[in-house]
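K.L.:
Line order of the protein sequences matches chains A and B. The numbers in the numbering used here rise by one with no breaks, and the one at position 382 of the first sequence is 382. The numbers in the numbering used here rise by one with no breaks, and the one at position 306 of the second sequence is 306. We put the beta carbon where it would ideally sit given N, CA and C, even for glycine. The structure displayed is predicted, hence computed values, not measured ones.
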Amino acid sequence: MINNDTALMAHLLRRAGFGASRTELEGYMAMGYDGAVDALLNPSDPGNMPDDLIRRYHVEQSELRDLAGSAAYWMYRMISTTCPMEEKIALFWHGLFATGYAKLNQARSLLNQVEMFRRSGLGSFENLLVELSKDPAMIVWLDNNENHGSAINENYGRELLELFSMGIGNYTEDDIKECSRAFTGWTLGNAEYMAVRASKDSIWPYGRIAWHFDYRDEDHDDGEKTFLGETGKFNGEDIISIIAKQESTARFVATRLFQFFAADEVTEAGDKAIQEMIATYFSSGYQIRDMLRTLFHTEYFRSDEARFSRVKGPVEMVVGAIRMSGNYQNPALGIEKVSDTMLYMGQGLLQPPTVEGWHEGSEWIDSGALVERVNFAAKELSDVRSPGVRSIIDRLQASTDDGVLEPSDLADRCLDLLGPIEVSDETHSVLVDYANRQGALDLNGHQPGDSAEQRVGNMLRLVAATREYQLA
Amino acid sequence: MTSNKREKSLIVIQLSGGNDYLNTVVPYGNGKYYDSRSKVNIPQNQVIPIDDQLGFNPSMGPVKSLWDEGKVAVINGIGYENPNRSHFRSMDIWHTAEPDAIGKEGWLARAIRDIDPLGDNVLTGINFGRGLPRALACPGVSVASVGDLETYGLFPDVQDEELRMFTLEAFSRMYGNAAGRDPIMDLMGRTGQDALQGADILRTAPRMYSSSVEYAPNSLAQNVKSISQVFHANLGARVLYTQHGPFDTHSGELVTHAKLWDEVAGAIGCLMDDLKEHGTEDDATILVFSEFGRRIKDNGSGSDHGSGGAAFMIGGAVNGGMYGEYPSLAEAEQIEGDLRSNNDFRSVYTEILEDWLDLDAPSIVNGQFEKFGILQS
Chain A
1 MINNDTALMA
11 HLLRRAGFGA
21 SRTELEGYMA
31 MGYDGAVDAL
41 LNPSDPGNMP
51 DDLIRRYHVE
61 QSELRDLAGS
71 AAYWMYRMIS
81 TTCPMEEKIA
91 LFWHGLFATG
101 YAKLNQARSL
111 LNQVEMFRRS
121 GLGSFENLLV
131 ELSKDPAMIV
141 WLDNNENHGS
151 AINENYGREL
161 LELFSMGIGN
171 YTEDDIKECS
181 RAFTGWTLGN
191 AEYMAVRASK
201 DSIWPYGRIA
211 WHFDYRDEDH
221 DDGEKTFLGE
231 TGKFNGEDII
241 SIIAKQESTA
251 RFVATRLFQF
261 FAADEVTEAG
271 DKAIQEMIAT
281 YFSSGYQIRD
291 MLRTLFHTEY
301 FRSDEARFSR
311 VKGPVEMVVG
321 AIRMSGNYQN
331 PALGIEKVSD
341 TMLYMGQGLL
351 QPPTVEGWHE
361 GSEWIDSGAL
371 VERVNFAAKE
381 LSDVRSPGVR
391 SIIDRLQAST
401 DDGVLEPSDL
411 ADRCLDLLGP
421 IEVSDETHSV
431 LVDYANRQGA
441 LDLNGHQPGD
451 SAEQRVGNML
461 RLVAATREYQ
471 LA
Chain B
1 MTSNKREKSL
11 IVIQLSGGND
21 YLNTVVPYGN
31 GKYYDSRSKV
41 NIPQNQVIPI
51 DDQLGFNPSM
61 GPVKSLWDEG
71 KVAVINGIGY
81 ENPNRSHFRS
91 MDIWHTAEPD
101 AIGKEGWLAR
111 AIRDIDPLGD
121 NVLTGINFGR
131 GLPRALACPG
141 VSVASVGDLE
151 TYGLFPDVQD
161 EELRMFTLEA
171 FSRMYGNAAG
181 RDPIMDLMGR
191 TGQDALQGAD
201 ILRTAPRMYS
211 SSVEYAPNSL
221 AQNVKSISQV
231 FHANLGARVL
241 YTQHGPFDTH
251 SGELVTHAKL
261 WDEVAGAIGC
271 LMDDLKEHGT
281 EDDATILVFS
291 EFGRRIKDNG
301 SGSDHGSGGA
311 AFMIGGAVNG
321 GMYGEYPSLA
331 EAEQIEGDLR
341 SNNDFRSVYT
351 EILEDWLDLD
361 APSIVNGQFE
371 KFGILQS
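1. Under 8 Å between the Cβ atoms of I139 of chain A and G157 of chain A?
2. Roughly how many angstroms separate the alpha carbons of D52 of chain A and S120 of chain A, rounded to a whole number?
3. Near S382 of chain A, which residues of its chain fall below 8 Å by C-beta distance, leaving aside the five closest residues on each side in sequence?
4. Given a threshold of 16 other Cβ atoms within 10 Å of its Cβ, counted over all protein chains shown, does M60 of chain B qualify as buried or as exposed?
5. Taking just the CA atoms, how far does I374 of chain B sit from D51 of chain B?
6. I believe Q243 of chain B touches P156 of chain B by the beta-carbon criterion, under 8 Å. Please report the beta-carbon distance rounded to the nearest angstrom.
7. Is the separation between the beta-carbon of Y349 of chain B and that of A97 of chain B shorter than 8 Å?
8. With H, G and I counted as helix, E and B as strand and the rest as coil, what does DSSP make of A383 of chain B?
9. Just curious, the beta strand (DSSP E) that F260 of chain A is in, first and last residue?
10. Would a check of beta-carbon distances place Y21 of chain B closer than 8 Å to chain A?
11. At 8 Å on the CB atoms, spell out the chain B contacts of P448 of chain A, in chain order.
12. Give every residue of the same chain whose Cβ lies closer than 6 Å to the Cβ of Y73 of chain A, excluding the five residues on either side of it in the sequence, and list them in chain order.
13. At 7 Å on the CB atoms, spell out the chain B contacts of V311 of chain A, in chain order.
14. Could you give the uninterrupted runs of the alpha helix (DSSP H) lying entirely in the stretch 413-449 of chain A, keeping only those of 4 residues or more?
15. Could you tell me the distance, in whole angstroms, from the CA atom of R294 of chain B to the CA atom of Y21 of chain B?
16. Consult DSSP for E291 of chain B and reduce its assignment to one of helix, strand or coil.
17. Using a cut-off of 7 Å between C-beta atoms, extract the partners of G368 of chain A located in chain B.
18. From the DSSP secondary-structure annotation, give me the bridge partner or partners of F227 of chain A.
19. Where E325 of chain B and N342 of chain B are concerned, what is the direct C-alpha to C-alpha distance, given to the nearest angstrom?
20. So which residues of chain B does H359 of chain A contact, with C-beta pairs closer than 7 Å?
21. Going by DSSP in three states, M313 of chain B sits in which element: helix, strand or coil?
22. In angstroms, rounded to a whole number, what distance separates the CA positions of A472 of chain A and R164 of chain B?
23. Between V350 of chain A and S80 of chain A, how many whole angstroms is the CB-CB distance? I'm expecting something under 8 Å.
24. Any idea which residues DSSP pairs G69 of chain A with across the strands?
25. Going residue by residue through the stretch 155-194 of chain A, where are the continuous alpha helix (DSSP H) segments of at least 4 residues, counting only ones entirely within it?
26. Give the range of the alpha helix (DSSP H) segment to which F355 of chain A is assigned.
27. Where in the stretch 93-168 of chain A do unbroken runs of the alpha helix (DSSP H), each at least 4 residues long, occur, reported from the N-terminal end onward?
28. Put L339 of chain B into one of helix, strand or coil per three-state DSSP.
29. Return the CA-CA distance between S363 of chain B and Y101 of chain A, expressed in angstroms with no decimal places.
30. What whole-angstrom Cβ distance do A265 of chain B and I75 of chain B have, given they're in contact under 8 Å?
31. Hey, out of B:V213, B:R203 and B:A216, whose CA is closest to A233 of chain B's CA?
32. Identify, in the order they occur along the chain, each residue of the same chain with its Cβ nearer than 7 Å to the Cβ of S172 of chain B, setting aside the five sequence neighbours on each side.
33. Please report the residue range of the beta strand (DSSP E) in which H244 of chain B lies.
34. May I ask which residues mark the beginning and end of the beta strand (DSSP E) holding M322 of chain B?
35. Evaluate Q217 of chain B with the Cβ neighbour count: other Cβ atoms within 10 Å of its Cβ, from every protein chain shown; 16 or more gives buried, anything less gives exposed.
36. Determine which residues share a DSSP beta bridge with H305 of chain B and list them.
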């Protein structure tokens, strides 16, 4: 019954975006699958309100030194973008290169990092690591401003190898030291003063000044280094080019991309897809865009096995439901509260719990978070005043000859228009029983907010509350 | 009313934003206090004296009454080495009991896991407020977070009771009977059922409670009332948590701080009256803490982030009194214009874990810390 092309396109949009309304899906369907993949992987104008207008008129997103305003601003970008992949890849790198406000007390520097992910996140992984190593927020987050030629601080060097590229077991403690030596002198302008300001977290009385990268040659250890068996007077870029060509790096990047863009668990078939991505990593010169194109075209990704094989992260949950309801297309008061909701579900933007980012998959589900998830999506999608739900009501009416829906049709079409979502037989029978309670639904002459529309809202609420809706 | 043998519970009131220690437990006998706090001070004639050196903030009347009954322990100069003056980081440190590394697990979440390793009671730990404070967060530990006890649960926005009932019934069916199908579906089914069950049980709490105590209408007092209702419903809740604020008094401190402490002291007073009325005074201990104190010198209308603060433990089982030395205000003793904390916060945690919740403390607070003897009988 579910149209296979639509279901596949919806799957792609849940992965390369935050899910899609039927209208959006139809736009991508017109391009065909290959065309849609290319369009998503080559973001153009995201169509959000220009920053200067936001600054001027939307105080709730203007105070970018603040965590609340900055998180709300990023969420608005995710909700309103016409290039969802651009935000999705930024969210991916934000989770992997997890940098948090807690230590920086400088939200603007985090938004700058996110902008860097938008700009470079689909390009070469080697280039991305260089940009990351020069990113002021990362420098402070992992203490590279304390990494001096005279005395190394290994924090960044260690995480670069362990959490950001090869993964533990593929290098020695000596490699960490040599790597750290190569990044001495990679700091930010006026580092000492900035560190004091960050530690004091006081916007009084002088405010906070934008951070920028600064390379201090006199603080750089220019001596010979031996890293992963290669010897030379390596600087940071040299180290990164050695990291980038490692098989372990290719596997690491491919696996992490797979787990974020395909499935929480790597099955045997999934591993085949990872192998293909590794091959692309090398053949394309480490291009992330090409690896993802490979992934989206694998047999695995297009198969039923890959569908609904990820637990939606809180950001995907909230942004997805709002994109479906059509609310907050312009900045609006109250958006900070919505971005707080993601925090209540366990994922506050710009505040990952540690440098390891968020534990995904099943760890998103605990009783507190599940209540928040269900309540949020159920409320967002049952409000018949919201533009997305109004459009669903119109589509439901148009789908019948006489404007009358049988109870099972009401359930099936709501499942279809919110996804299509595939549900178990048990879930399906609960939905149909629920609809049956009030018999056939006559949408003829429906008026905004009347009982006929409300029945649609009630059904959408229940679909949003299913276990299946928790999955992407 | 007599309490049958019940297990001890911990009630935590977090003062978010950095409570100004100097204006809470005021060193009114020390001229240096008035020198440093030329604008933002509590005048001698307004302080509620404890002795000839220290006194409580004038808004702390109910705390002073409890102090006179020997039920209040003041832990002076509490903090940790190398103080961090960021709200977020410092609160994280208190929450995870990890001053050096970035901690992953909340100290109370670990305690809850040790109390109830199999997660048999979904209500062992409850937060009153939205979202989980880091102190209660840890993968695999279920903690309910209750925004509003009256409407807690699923679909709180559905006004029509009949519709809500049908929706909950459908939810219960949709989240049941899935054992063995798929691990994620199973997990969600179990968790959904836990949430329903927790909500069902919690909703009964207000009905199982009656009291002559009238809590004020402010948010903290109402959360503390919910804590009392749930505590007295005997649902096995061992850790009950809430927070109040913002105590980040960079400006207009005297007005804001007085109002906040009025609310905090009032809520504590009501709770203690409530416990007394129910004969449960010896079964609950209250911990009050903040992430840091504030700068010694004021800034003209408020005070900036500092270090070294006060924590309080209050309850029938508490050995009341002053613990730890009040940090010196002498310039030579300050660190960057702040009080030097001389008591590690993990000492208090150790005391609570060992002498109140009957748990192994070192594994939770990551080390051995000397106790003050606040809870020893």
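P.N.:
Taking the definition as stated:
1. no
2. 23 Å
3. Only V389, G457, N458, L460, R461 and A464 meet the Cβ criterion.
4. buried
5. Roughly 20 Å separates the two Cα atoms.
6. That belief does not hold up - the Cβ atoms of Q243 of chain B and P156 of chain B are roughly 21 Å apart, past 8 Å.
7. Annotated as proximal: Y349 of chain B and A97 of chain B, with beta-carbon spacing under 8 Å.
8. The first residue shown for chain B is 1 and the last is 377, placing residue 383 of chain B beyond what the model contains.
9. No beta strand (DSSP E) holds F260 of chain A; the alpha helix (DSSP H) holding it covers E247 to F261.
10. No Cβ of chain A is located within less than 8 Å of the beta carbon of Y21 of chain B.
11. For the C-beta of P448 of chain A, not a single chain B residue is nearer than 8 Å; the gap to the nearest is close to 18 Å.
12. Q61
13. I184
14. 425-436
15. 7 Å
16. coil
17. Chain-order list of chain B residues neighbouring G368 of chain A: L132, V143, A144 and S145, by C-beta distance under 7 Å.
18. A:E230
19. 7 Å
20. P139
21. strand
22. Answer to the nearest angstrom: the Cα atoms are 27 Å apart.
23. The question names Val, yet the displayed sequence has Leu at residue 350 of chain A. The pair is not a contact, with the Cβ atoms about 18 Å apart (cut-off 8 Å).
24. None, per the DSSP bridge assignment.
25. 155-162 and 173-182
26. Just to set this straight, residue 355 of chain A is Val in the shown sequence, not Phe. From DSSP, V355 of chain A is part of no alpha helix (DSSP H); its letter is neither H nor E.
27. 101-104, 107-120, 125-133, 136-141 and 155-162
28. coil
29. 28 Å
30. Incorrect: roughly 17 Å between the Cβ atoms, too far for contact.
31. B:R203
32. L196
33. That run of the beta strand (DSSP E) goes V239 to H244.
34. Annotation: the continuous beta strand (DSSP E) that includes M322 of chain B extends over G321 to Y323.
35. Here residue 217 of chain B is Pro; the residue named in the question, Gln, does not match the sequence. With fewer than 16 Cβ atoms within 10 Å of its Cβ, P217 of chain B is classed as exposed.
36. B:R294
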